[in-house]
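*Asks:* In the working numbering, each number is its position in the sequence shown, counted from 1, plus 46.
From the three backbone atoms N, C-alpha and C, an ideal C-beta is built for every residue, glycine too.
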Amino acid sequence: MTELIIGLGPIGAAVGERLLARHRDVAGFEIDNSRAQALADETGMAVASTPHEVPWRTVDAVYIAVRLADQLEKVLAMLREHAMERLTIVVLTTLAPSDAARILSSTPTSWRVFEAPLSGGPQGARDGSMSLMLAGPEPSDTDLSRFDDMAERLFWTSRYGQPSLLKLLNNTLGAYNALATAAMLDLAVEHDVSAQQFLDVVNASSGQSWMSTNFDNFHYPMLFKDAGLLIGDIGKTPTIALGDRPAHEATIEHARLTAFGSH
Numbered sequence: 047m048t049e050l051i052i053g054l055g056p057i058g059a060a061v062g063e064r065l066l067a068r069h070r071d072v073a074g075f076e077i078d079n080s081r082a083q084a085l086a087d088e089t090g091m092a093v094a095s096t097p098h099e100v101p102w103r104t105v106d107a108v109y110i111a112v113r114l115a116d117q118l119e120k121v122l123a124m125l126r127e128h129a130m131e132r133l134t135i136v137v138l139t140t141l142a143p144s145d146a147a148r149i150l151s152s153t154p155t156s157w158r159v160f161e162a163p164l165s166g167g168p169q170g171a172r173d174g175s176m177s178l179m180l181a182g183p184e185p186s187d188t189d190l191s192r193f194d195d196m197a198e199r200l201f202w203t204s205r206y207g208q209p210s211l212l213k214l215l216n217n218t219l220g221a222y223n224a225l226a227t228a229a230m231l232d233l234a235v236e237h238d239v240s241a242q243q244f245l246d247v248v249n250a251s252s253g254q255s256w257m258s259t260n261f262d263n264f265h266y267p268m269l270f271k272d273a274g275l276l277i278g279d280i281g282k283t284p285t286i287a288l289g290d291r292p293a294h295e296a297t298i299e300h301a302r303l304t305a306f307g308s309h
């Protein structure tokens with residue numbers, strides 16, 4: 047049987063390359079003809095650009111890697127029209143949590159739908175080192191084999207919307223870390239400390255974060271896109287200013303107690 051990847055942008059193409067490397071029977075669907083042809087030439091993958099070119103009778107699993115909620119809804123409508131009645135669907139798109147819950151809860155009962163936003167970017171998807179945040183039906187051995195081929199770590203949640211919320215919370219924290227690192231770097235330079243020396247000290251000390259160690263090459267537009275999705279869904283994110291020491295200490299102690307219990 048065939049596993050179909052819909053949406054061959056950076057993530058979808060990388061997932062396709064990974065699954066091909068794991069010797070799976072993979073086909074692609076991409077409405078951008080030039081992108082479809084480029085990937086077909088590069089990987090040898092069969093790529094369709096219209097629904098009528100897809101061998102639907104052999105497709106038993108679909109990975110969806112489009113960007114937006116309305117694009118996902120169009121893909122699901124296409125699957126209702128063309129795909130087999132029984133289908134496993136893995137939605138890699140990062141959605142607003144409310145959109146994930148609304149859209150995925152309304153899919154046909156004969157489908158097995160997994161919400162599966164990923165962390166690790168195209169390179170993590172390509173080499174299988176990414177993490178998947180997951181919700182959906184009880185996974186079968188076949189499902190687990192697929193996920194193990196795709197990702198290094200799996201984080202299971204209890205209902206649709208929670209995987210997207212986890213992804214957005216993580217990337218919004220990343221955005222905070224990136225902005226704080228940039229602000230402190232500018233402050234260091236303003237006071238005649240070299241930018242490289244500042245980063246060397248940070249990365250060997252208490253200020254270190256993934257963002258500081260990768261400050262020269264992380265993809266920050268994605269962080270702010272995801273922060274915008276989170277704000278649009280829950281209304282706001284915390285405003286942090288360092289003036290009120292007692293309040294900040296209380297915030298940290300409360301968070302520690304919530305996460306770890308009493309010490």
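Look up R199 in the DSSP assignment and give the residues it is bridged to.
*Replies:* The residue you call residue 199 lines up with position 153 of the sequence shown. Answer is S177, bridged to R199.
*Asks:* Starting from the N-terminal side, write out each stretch of the alpha helix (DSSP H) that is 4 residues or longer and does not extend beyond the region 60-127.
*Replies:* The region 60-127 contains these whole alpha helix (DSSP H) runs: 79-89.
*Asks:* Whose C-alpha, out of G278, I280, E295, D279, is nearest the C-alpha of E286?
*Replies:* Within the sequence shown, the letter at position 240 stands for residue 286. According to the sequence as given, residue 286 is Ile; it is not Glu. Considering only alpha carbons, the answer is E295.
*Asks:* Could you say which of V108, V112, L219 lies nearest to T140 if we only look at CA atoms?
*Replies:* Residue numbering aside, residue 140 sits at position 94 when the sequence shown is read from its first letter. Among V108, V112, L219, the Cα nearest to that of T140 is on V112.
*Asks:* For the beta strand (DSSP E) holding F261, just list the boundary residues, first then last.
*Replies:* In the sequence shown, the residue the question calls residue 261 occupies position 215. Element bounds for F261: n/a, residue is neither H nor E.
*Asks:* Rounded to whole angstroms, what is the Cα-Cα separation between L275 and H98?
*Replies:* Position 229 of the sequence shown, counted from the first residue, corresponds to residue 275. Position 52 of the sequence shown, counted from the first residue, corresponds to residue 98. C-alpha separation (whole angstroms): 34 angstroms.
*Asks:* Can you tell me whether E88 is buried or exposed, with buried defined as 16 or more other CB within 10 angstroms of its CB?
*Replies:* Within the sequence shown, residue 88 is the residue found at index 42, counting from 1. By the neighbour-count rule (16 or more Cβ atoms within 10 Å), E88 is not buried but exposed.
*Asks:* Who are W157's beta bridge partners in DSSP?
*Replies:* Your numbering for residue 157 matches position 111 in the sequence shown. According to DSSP, W157 bridges with L133.
*Asks:* Going by other Cβ atoms of all chains shown within 10 Å of its Cβ, with 16 needed for buried, is V61 buried or exposed?
*Replies:* The sequence position of residue 61 within the sequence shown is 15, counting from 1. It counts as buried.
*Asks:* Compute the beta-carbon to beta-carbon distance between L133 and L125, rounded to the nearest angstrom, for a pair I have assumed lies under 8 angstroms.
*Replies:* Reading the sequence shown from its first residue, position 87 is the one you call residue 133. Reading the sequence shown from its first residue, position 79 is the one you call residue 125. About 7 angstroms separates the two Cβ atoms, so the contact holds.
*Asks:* Can you tell me where the alpha helix (DSSP H) with T304 in it begins and where it stops?
*Replies:* As a working note, residue 304 is residue 258 in the sequence shown. Unbroken alpha helix (DSSP H) run through T304: 291-306.
*Asks:* Out of R291, L233, D106, which one is the CA nearest neighbour of T188?
*Replies:* Working through the sequence shown from its first residue, we reach residue 188 at position 142. That would be D106, whose Cα lies nearest to the Cα of T188.
*Asks:* Can you tell me whether N33 is buried or exposed, with buried defined as 16 or more other CB within 10 angstroms of its CB?
*Replies:* The chain is shown from 47 up to 309; residue 33 falls before or after that span and cannot be answered.
*Asks:* Taking T283 as the reference, which of E76, L211, A181, I52 has the closest Cα?
*Replies:* Within the sequence shown, residue 283 is the residue found at index 237, counting from 1. Measuring from the Cα of T283, the nearest candidate turns out to be L211.
*Asks:* Any beta-carbon of chain B closer than 8 angstroms to the one on L190?
*Replies:* Included in the structure is just one protein chain, with no chain B present.
*Asks:* Are the beta-carbon atoms belonging to I77 and S95 less than 8 angstroms from one another?
*Replies:* The residue you call residue 77 lines up with position 31 of the sequence shown. The residue you call residue 95 lines up with position 49 of the sequence shown. Yes, Cβ-Cβ distance for I77 and S95 is below 8 angstroms.
*Asks:* Based on Cα-Cα distance, which residue from L233, A228, R291, I277 lies nearest to N260?
*Replies:* Residue numbering aside, residue 260 sits at position 214 when the sequence shown is read from its first letter. Answer by Cα proximity: A228.
*Asks:* Measure the alpha-carbon distance for D262 versus A162 and round it to whole angstroms.
*Replies:* Here residue 262 refers to the residue found at position 216 of the sequence shown. Here residue 162 refers to the residue found at position 116 of the sequence shown. Roughly 28 angstroms between the two C-alpha positions.
*Asks:* Among W202, F201, Y266, whose alpha-carbon lies nearest the alpha-carbon of T218?
*Replies:* Position 172 of the sequence shown, counted from the first residue, corresponds to residue 218. Checked all of W202, F201, Y266; the closest Cα to T218 is Y266.
*Asks:* Give the DSSP bridge partners of S165, in chain order.
*Replies:* Walking along the sequence shown from the start, residue 165 turns up at place 119. S177.
*Asks:* Would you call the region 47-54 in contact with the region 65-77, where contact means no fewer than 3 C-beta pairs closer than 8 angstroms?
*Replies:* The region 47-54 vs the region 65-77: in contact.
*Asks:* Go through its chain and collect everything with a Cβ distance to D171's Cβ below 7 angstroms, but skip five positions before and after it.
*Replies:* Along the sequence shown, read from residue 1 onward, the residue named residue 171 stands at position 125. Per the sequence shown, the amino acid found at residue 171 is Ala instead of Asp. If we look at A171 and ignore the five residues flanking it on each side, its Cβ neighbours are I57, A60, V61, R64, L164.
*Asks:* Could you name the residues of the same chain whose beta carbon sits closer than 6 angstroms to that of A226, not counting the 5 residues immediately before and after it, in chain order?
*Replies:* Along the sequence shown, one-based indexing puts residue 226 at 180. Cβ within range, chain order: n/a, list empty.
*Asks:* What three-state label does DSSP hand I280 in the structure shown?
*Replies:* In the sequence shown, counting from the first residue as 1, residue 280 sits at position 234. I280 falls in the helix class under three-state DSSP.
*Asks:* Can you look up E184 in the DSSP assignment and give me helix, strand or coil?
*Replies:* Position 138 of the sequence shown holds residue 184. E184: coil per DSSP, three-state reduction.
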